[in-house]
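Here's the structure, in structure tokens; my notes come after.
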Amino acid sequence: MRLLFSLLLLVALGLSSCKKYKLKQPAYLNFKWEFFEQQSGTFHPVVTGGYFYLNQFRVTGTRVEGPPVDIVQALPAGKTSFSAGGSLGLSMDIPIGEYNQFSVELGVVNDMQPCIVLNGEYNNGASIIPFRIEWGTDEILTFLPSAAFELKKKKNYDVTIGVDVEKLFQSITINDWADANITPEPTSTIVISENFNHKLFTEIKKQIAGALILKVSE
28 MRLLFSLLLL VALGLSSCKK YKLKQPAYLN FKWEFFEQQS GTFHPVVTGG YFYLNQFRVT
88 GTRVEGPPVD IVQALPAGKT SFSAGGSLGL SMDIPIGEYN QFSVELGVVN DMQPCIVLNG
148 EYNNGASIIP FRIEWGTDEI LTFLPSAAFE LKKKKNYDVT IGVDVEKLFQ SITINDWADA
208 NITPEPTSTI VISENFNHKL FTEIKKQIAG ALILKVSE
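The sequence shown maps to residues 28 to 245 in my numbering.
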């Protein structure tokens, strides 16, 4: 009986070690950018691209099995540009498993002004006017998935992060756009920032956290 118990204990320990080893195996993540829920046409703002200055890139998650994941990468100073469907030039190996909580955080620093920019166009029915949204303060942009997902060993995954454009502008009315001041730059542009068209900027700031989206696909 004692021998049988010892054998069962060894088997259990072996299975436990095997499972722990398996849960440490990596999946490979490549990060892309997208503009989600974007409509075109009259009275719909369309975002075409932008950039930010990053100093940190963080991925956190909890799994059904295995310890929590918290990986931080410091990034060299420089501008990261993005456009619909474009790569962010960021990648990471991460432990496999079924993730029931997951987030990607981008740390934006204000070493350069503006430190976040979104470029786009607005069709007011008579003409198409460029717009530019500018942030000038340090920000942590947190992207969350809408559902749990599983990462499998040694597989490549695209993690697409970005902005739900419809949600970002949902509290801005046609009249708000019509009342916006236009800056006569080389091309007439609606600049939206703390110092220009502040009402529009305030509404966008209220929506930005809830408009950040993350999707995972093979």
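The C-beta atom is built at its ideal place from N, Cα and C for all residues, glycine as well.
Counting only the same chain and skipping the five closest in sequence on each side, list residues whose C-beta sits under 6 Å from that of residue i.
{"i": "L145", "result": "V74, G77 and I160"}
{"i": "S244", "result": "D185"}
{"i": "H71", "result": "none"}
{"i": "L98", "result": "According to the sequence shown, residue 98 is Ile rather than Leu. For I98, where only same-chain residues beyond five positions count, the Cβ hits under 6 Å are V86."}
Considering only DSSP beta bridges, list what residue i is partnered with.
{"i": "A175", "result": "Per DSSP, none; premise fails for A175."}
{"i": "S118", "result": "N57"}
{"i": "G113", "result": "Its beta-bridge partners do not exist; DSSP assigns none."}
{"i": "T200", "result": "The partner list for T200 (beta bridge, DSSP) is empty, contrary to what the question assumes."}
Which residue marks the beginning of the alpha helix (DSSP H) containing residue i, and which one marks its end?
{"i": "T229", "result": "H225 to I235"}
Hey, residue i and residue j: beta-carbon distance below 8 Å or not?
{"i": "G113", "j": "W60", "result": "yes"}
{"i": "D206", "j": "E64", "result": "no"}
{"i": "S215", "j": "I156", "result": "yes"}
{"i": "G134", "j": "N82", "result": "yes"}
{"i": "L168", "j": "L115", "result": "no"}
If you run the structure through DSSP and keep just helix, strand and coil, what is residue i?
{"i": "V136", "result": "coil"}
{"i": "V91", "result": "coil"}
{"i": "D165", "result": "coil"}
{"i": "I217", "result": "strand"}
{"i": "E193", "result": "helix"}
{"i": "A238", "result": "helix"}
{"i": "A101", "result": "strand"}
Which first and last residues belong to the beta strand (DSSP E) in which residue i is found?
{"i": "I123", "result": "Neither: I123 is in no beta strand (DSSP E) and is coded neither H nor E."}
{"i": "N222", "result": "Here N222 belongs to no beta strand (DSSP E), and DSSP marks it neither H nor E."}
Kindly list the residues whose CB is nearer than 8 Å to the CB of residue i, restricted to its own chain and excluding five residues on each side of it in sequence; keep chain order.
{"i": "P53", "result": "D120, I121, P122, I123, K180 and K181"}
{"i": "K106", "result": "Y78, F79, Y80 and M139"}
By Cβ distance below 7 Å, which residues in the same chain neighbour residue i in space, the five residues on each side in sequence not counted?
{"i": "A111", "result": "E61 and F62"}
{"i": "D138", "result": "Y80 and A104"}
{"i": "E221", "result": "G163 and F228"}
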